[in-house]
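Residue numbers (our numbering), protein chains in the order written: chain W, 335 to 649; chain S, 335 to 649. Working notes, beginning with the structure itself.
There are 2 protein chains.
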Amino acid sequence: MGEFDLIKRYFDRPELRLGPAMALGPGDDCALLQLPPNHQLCISSDTFVSGVHFFADMSASQIAQRCLAASVSDLAAMGATPAWFNLCLTMPSADACWMEHFSQGLAAKAGTCKISLAGGDTTRGPLTISIHAMGWVPVGQAITRSGAQIGDVIMVSGSLGDSAAGLTIMQQRRDAKDTLSQRFYDPTPRIELGHWLRGKATACLDVSDGLVQDLEHILRASGCGAQLNVADLPLSDELRAHLPLNQAQDKALNGGEDFELCFTLPAELVNDAQAFSSAQNLPLTAIGRISGTLGCRIWGADGSLYAAPKGYQHF
Amino acid sequence: MGEFDLIKRYFDRPELRLGPAMALGPGDDCALLQLPPNHQLCISSDTFVSGVHFFADMSASQIAQRCLAASVSDLAAMGATPAWFNLCLTMPSADACWMEHFSQGLAAKAGTCKISLAGGDTTRGPLTISIHAMGWVPVGQAITRSGAQIGDVIMVSGSLGDSAAGLTIMQQRRDAKDTLSQRFYDPTPRIELGHWLRGKATACLDVSDGLVQDLEHILRASGCGAQLNVADLPLSDELRAHLPLNQAQDKALNGGEDFELCFTLPAELVNDAQAFSSAQNLPLTAIGRISGTLGCRIWGADGSLYAAPKGYQHF
């Protein structure tokens with residue numbers, strides 16, 4: 335089966351077109367896309383390498399879900415509405431069974447995120463997936479990393495550390511189906527939360543390399559510091575049951591790929607956030623404050639300063 | 335050096351910002367990009383794998399030039415104005431010398447094409463480059479593959495087969511600097527020609543997998559056939575000097591990656607095309623006609639039917 339037959343067979347599925355329409359979809363030199371008036375394009379690209387970002391022998395459906403969710407999460411972190419994505423799939427050979435499962439997982443996640451496949455490339459080589467995720471946001475309303483103000487409350491959605499714990503479980507047993515593993519292979523981009531935060535949060539990002547490391551990006555871009563309380567970190571019941579408290583807290587501080595949103599909110603909006611949290615059944619937890627002292631200071635439950643290990647380093 | 339230092343050091347260069355401005359450039363979860371009013375976004379993604387699309391031991395500068403030019407060529411084929419690109423660079427290690435040369439080549443080509451780097455990803459893994467090229471076109475003016483009409487003249491820009499011949503030369507000698515090799519490692523996207531063809535050409539694409547194979551896309555999308563004359567194929571003096579005529583013609587018909595434009599033009603516009611060709615010093619050659627008989631029939635100089643071998647197959 336040639337490249338063009340492959341694309342037709344596995345990527346021409348209606349579930350991959352549940353997002354915004356396209357002026358011209360896959361199949362030409364370019365796709366043609368039109369934004370709503372007075373909106374800006376949000377674009378983010380991510381590469382996922384077999385053996386680095388996922389296990390080669392994970393199910394192809396899980397690989398697809400995970401890669402697309404991680405990509406869409408960057409759109410969520412800007413407050414954007416997901417619209418389209420391009421998929422660059424490099425694989426050693428065209429295995430029909432693998433492709434079928436991959437395209438099923440991709441379609442399931444694309445349908446949930448209401449994002450349409452606009453095009454891409456399939457090439458032969460070591461298994462590598464690049465996703466270019468595109469969305470839109472009203473002009474001037476994107477939430478960047480650079481607006482955090484002294485006194486803002488630092489909040490995170492959901493629970494932290496689950497994905498890192500799930501990764502450890504899956505290193506032992508690839509077909510693990512428990513909640514922690516699922517957080518690793520099927521993360522949920524916080525799209526609705528991102529929308530809600532527009533015009534409210536002063537800074538936002540998604541937790542991909544570890545809370546402490548990612549929060550540093552906000553602090554550097556905003557020219558401020560943070561005071562965090564370890565005791566306030568949101569830990570899931572599953573993580574608490576799986577690990578001793580101090581190890582669970584380590585995962586929450588430094589484990590990557592939870593794809594929860596970490597954002598800074600003026601203190602007077604925290605009550606609104608709690609109302610949104612209840613309505614959406616999505617925990618939003620205050621974990622600290624933005625301060626004028628540069629750097630991130632993390633306080634243990636006993637009042638001692640916590641020495642933060644490093645998050646994920648790519649090189 | 336970590337990922338963020340790498341990006342800062344090698345990809346934060348002014349030559350990578352000579353294209354349209356960005357509302358928000360690299361460094362946040364997403365880039366924010368704004369189109370001119372009444373324009374559509376054109377996007378195309380391409381992946382280039384070491385050992386498949388380029389030689390791993392080519393100069394890093396050549397690798398970068400070649401990948402970016404091939405990506406921008408897809409924008410040219412739609413008549414689009416290049417604007418921004420995202421770069422996903424996967425590499426086994428962060429080699430400072432290689433990175434410096436890669437970023438120099440990238441900057442040189444980006445400057446020529448007036449396209450700005452909007453973001454991307456750097457990851458560890460087998461050397462693979464994925465580029466997501468973005469441009470714009472006035473609403474409804476993009477040139478697709480599907481509008482060719484019976485009687486249209488089929489034309490190509492520049493000369494064909496050079497890149498395929500250059501590839502063969504570089505297989506023997508990586509540091510070859512002759513014209514044919516240069517056509518392989520430093521192709522020129524036909525951006526101005528693409529602009530000129532808007533509102534004139536009925537169909538257009540860039541020759542990436544070989545003329546015959548690529549022309550088939552136009553024929554299938556437009557529901558028509560083609561009659562080509564082998565004797566009319568534009569062959570460079572260098573290609574004629576390098577290969578016997580029949581081999582040179584084979585390269586022109588089936589050699590990929592010349593990144594010339596192949597387009598169909600109503601017969602009454604051919605004179606205008608020749609005037610543009612002279613003004614731009616870019617050969618535009620009529621090589622055949624669109625016909626009502628499906629498929630591509632290729633006629634030799636002696637009036638016999640030419641059996642076309644296959645172009646590049648990815649799998």
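From the three backbone atoms N, C-alpha and C, an ideal C-beta is built for every residue, glycine too.
Use the C-beta contact count for residue i: other C-beta atoms within 10 angstroms, 16 or more gives buried, fewer gives exposed.
i             : result
residue 560/W : buried
residue 580/S : exposed
residue 391/W : exposed
residue 395/S : buried
residue 628/W : exposed
residue 479/W : buried
residue 514/W : buried
residue 639/W : exposed
residue 590/W : buried
residue 547/S : buried
residue 374/W : buried
residue 360/S : buried
In angstroms with no decimal places, state the Cα-to-Cα distance between residue i and residue j.
i             : j             : result
residue 529/W : residue 540/W : 14 Å
residue 434/S : residue 377/S : 27 Å
residue 398/W : residue 485/S : 45 Å
residue 525/S : residue 406/S : 8 Å
residue 536/S : residue 411/S : 12 Å
residue 279/S : residue 343/S : Outside the shown range of chain S, which is 335 to 649, sits residue 279/S, and nothing can be said about it.
residue 578/W : residue 408/W : 31 Å
residue 611/W : residue 519/S : 54 Å
residue 369/W : residue 467/W : 14 Å
residue 502/S : residue 495/S : 11 Å
residue 550/S : residue 544/S : 10 Å
residue 609/S : residue 527/S : 12 Å
residue 437/S : residue 430/S : 10 Å
residue 506/S : residue 619/S : 31 Å
residue 432/S : residue 425/S : 10 Å
residue 337/S : residue 447/W : 29 Å
residue 422/W : residue 601/W : 42 Å
residue 346/S : residue 637/S : 57 Å
residue 383/W : residue 371/S : 38 Å
residue 358/S : residue 358/W : 26 Å
residue 571/S : residue 356/S : 43 Å
Is the distance from the Cβ of residue i to the Cβ of residue j below 8 Å?
i             : j             : result
residue 583/W : residue 567/W : yes
residue 418/S : residue 472/S : no
residue 488/S : residue 622/S : yes
residue 455/S : residue 381/W : yes
residue 500/W : residue 516/W : yes
residue 490/S : residue 596/S : yes
residue 379/W : residue 420/S : yes
residue 414/S : residue 521/S : no
residue 617/S : residue 497/S : no
residue 632/S : residue 573/S : no
residue 389/W : residue 504/W : yes
residue 452/S : residue 340/S : no
residue 458/S : residue 386/W : yes
residue 469/S : residue 416/S : yes
residue 558/W : residue 624/W : yes
residue 651/S : residue 599/S : Any answer about residue 651/S is impossible in this case: the structure gives chain S only from 335 up to 649.
residue 475/W : residue 532/W : yes
residue 562/S : residue 630/S : yes
residue 565/S : residue 635/S : yes
residue 349/W : residue 481/W : no
Is the beta carbon of residue i within less than 7 Å of some heavy atom of the ligand ATP?
i             : result
residue 348/S : The model on display carries no ligand, and the ligand ATP is accordingly not part of it.
(message) Residues of the region 442-465 of chain W in Cβ contact with chain S at a cutoff of 7 Å, in chain order, please.
(response) 452, 453, 454, 455, 456, 457, 458, 459, 460, 462, 464
(message) Beta carbons nearer than 7 Å to chain W: which residues of the region 368-379 of chain S have them?
(response) 368, 369, 374, 375, 376, 377, 378, 379
(request) Determine contact between the region 535-555 of chain S and the region 456-464 of chain S, defined as no fewer than three beta-carbon pairs at a distance below 8 Å. (result) no
(request) Could you tell me whether the region 359-368 of chain S touches the region 424-442 of chain W, where touching means 3 or more Cβ pairs closer than 8 Å? (result) no
(request) Name, going along the chain, the residues of the region 517-532 of chain S whose beta-carbon falls closer than 7 Å to a beta-carbon of chain W. (result) none
(request) Identify each residue in the region 342-353 of chain S for which the Cβ-Cβ distance to at least one residue of chain W is less than 7 Å, and report them in chain order. (result) none
(message) Residues of the region 380-412 of chain W in Cβ contact with chain S at a cutoff of 9 Å, in chain order, please.
(response) 380, 381, 382, 383, 384, 385, 386, 387, 407, 408, 409, 410, 411, 412
(request) With 7 Å as the C-beta to C-beta threshold (strictly closer), list the residues of the region 530-550 of chain W near chain S in chain order. (result) 539, 540
(request) Using a Cβ-Cβ cut-off of less than 9 Å, give me the residues of the region 590-623 of chain S that come near chain W, in sequence order. (result) none
(message) Taking beta-carbon pairs under 9 Å, can you tell me which members of the region 558-586 of chain S lie near chain W?
(response) none
(message) By the 8 Å beta-carbon criterion, what residues does the region 488-515 of chain S contribute toward chain W?
(response) none
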